[in-house]
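Sequential numbering of the sequence shown, starting at 6, is according to my numbering.
Every residue gets a Cβ at the ideal spot worked out from N, C-alpha and C, and that includes glycine.
Given the structure is predicted, the values throughout are model-derived calculations rather than measurements.
Below is one structure; the comments refer to it alone.
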Amino acid sequence: ELKGDDATAEKLQKALVNQLRGLEFTVTAQIAGLKGAGLVLEFGGSQFEVNAGESTKSFGKVFKISEQFHLIVKKNPKEPRQVCHVRNAAGSVTFKNIEILITCITETVPLLVKTVDFHGGELLVSLDGREEMKIAGLGEQVFQTRVEDLQVFDIAILSLPKLPAQSCRVSGPSKLADGKAIDVQVRCHKSLEHQLSGFTALLN
């Protein structure tokens with residue numbers, strides 16, 4: 006009887022293993038933070054393009070238990086420029102569907118303020134109302150806050166130079182281009198001083 010019980014258990018075990026081996030599972034990518042276009046993934050020897058804003062990518066393939074999978078980022082997104090990192094990019098399928106996490110981070114660059122015309126005193130500007138910068142001469146200064154690629158930003162003038170009195174203007178692009186840094190220019194002009202001039206008329 007014991008031998009019969011062992012044989013039955015072994016038979017059931019083999020049947021269960023065969024049943025499990027027949028199961029099929031999927032591997033999908035869950036994508037977070039994707040803003041740019043042009044992300045290309047390589048999976049199973051094939052390349053897959055991912056549209057901007059897409060959060061899930063399936064690869065049209067099913068896996069059996071113990072089959073291997075491997076995913077890499079072939080091309081990172083552009084417009085804006087991003088770098089995408091993959092978590093759990095490779096491994097073997099167990100008894101569940103696999104989700105690979107991809108996190109995309111937008112590149113940032115420094116923002117330079119170039120003063121090209123200035124006549125003394127002090128100018129105060131701010132970046133998006135978050136960081137202030139004092140300008141007291143010609144040249145370049147850099148905000149501590151970096152700006153994301155293609156992010157619209159605003160540089161506001163908080164106070165103008167008074168000694169001498171000047172009017173100033175900030176010019177430059179409203180969003181980033183394809184460079185390592187972005188710069189805006191500041192030009193200041195002396196304000197016109199309204200003076201009263203008088204004369205004496207001699208009457209005969």
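Strand pairing of residue i, partner residues [DSSP]
i: Gln-52; result: Glu-47
i: Gly-144; result: Thr-120
i: Asp-133; result: In DSSP, Asp-133 forms no bridge with anything.
i: Lys-83; result: Ala-42
i: Arg-174; result: Arg-192
i: Glu-153; result: Thr-113
i: Ser-164; result: Leu-129
i: Lys-139; result: Leu-129
i: Ala-95; result: His-75
Pair within 7 Å by beta-carbon distance, residue i and residue j
i: Cys-89; j: Val-78; result: yes
i: Lys-101; j: Gly-43; result: no
i: Gly-41; j: Lys-83; result: yes
i: Leu-163; j: Leu-129; result: yes
i: Asp-122; j: Arg-174; result: no
i: Ile-36; j: Ile-110; result: no
Beta-carbon contacts of residue i that lie in its chain and below 6 Å, excluding the five residues immediately before and after
i: Glu-54; result: Val-45
i: Glu-112; result: Arg-86, Asp-154
i: Ala-141; result: Glu-127
Contacts around residue i, its chain only, beta-carbon distance under 7 Å, and the 5 residues preceding and following it disregarded
i: Lys-66; result: Gly-49
i: Ser-71; result: Ser-97, Val-98
i: Ser-202; result: Here Ser-202 scores only 43 on pLDDT, less than 50, and its place in the model should not be relied on; the value that follows carries that caveat. So the list is empty, once near-sequence residues are dropped.
i: Glu-136; result: Phe-148, Gln-149, Thr-150
Three-state secondary structure (DSSP) of residue i
i: Thr-61; result: strand
i: Glu-104; result: strand
i: Gln-18; result: helix
i: Asp-159; result: coil
i: Ala-5; result: Outside the modelled stretch of the chain, which goes from 6 to 209, sits residue 5, for which no answer is possible.
i: Thr-111; result: strand
i: Leu-207; result: In this predicted model, Leu-207 has a pLDDT of only 42, less than 50, meaning its place in the structure is not dependable enough to derive any value.
i: Ala-12; result: helix
Exposure of residue i, with buried meaning 16 or more beta-carbon neighbours within 10 Å
i: Ala-34; result: buried
i: Ala-12; result: exposed
i: Val-118; result: buried
i: Lys-62; result: buried
i: Leu-39; result: buried
i: His-199; result: Any reading at His-199 needs caution, since the residue's pLDDT is 46, under 50, leaving its predicted position unreliable; the model's value is listed next. When all chains shown are included, His-199 counts as exposed.
Same chain, Cβ closer than 8 Å to residue i, neighbours up to 5 away in sequence not counted
i: Ser-196; result: Pro-169, Ala-170, Gln-171, Ser-172
i: Ala-186; result: Val-114, Pro-115, Leu-116, Leu-117
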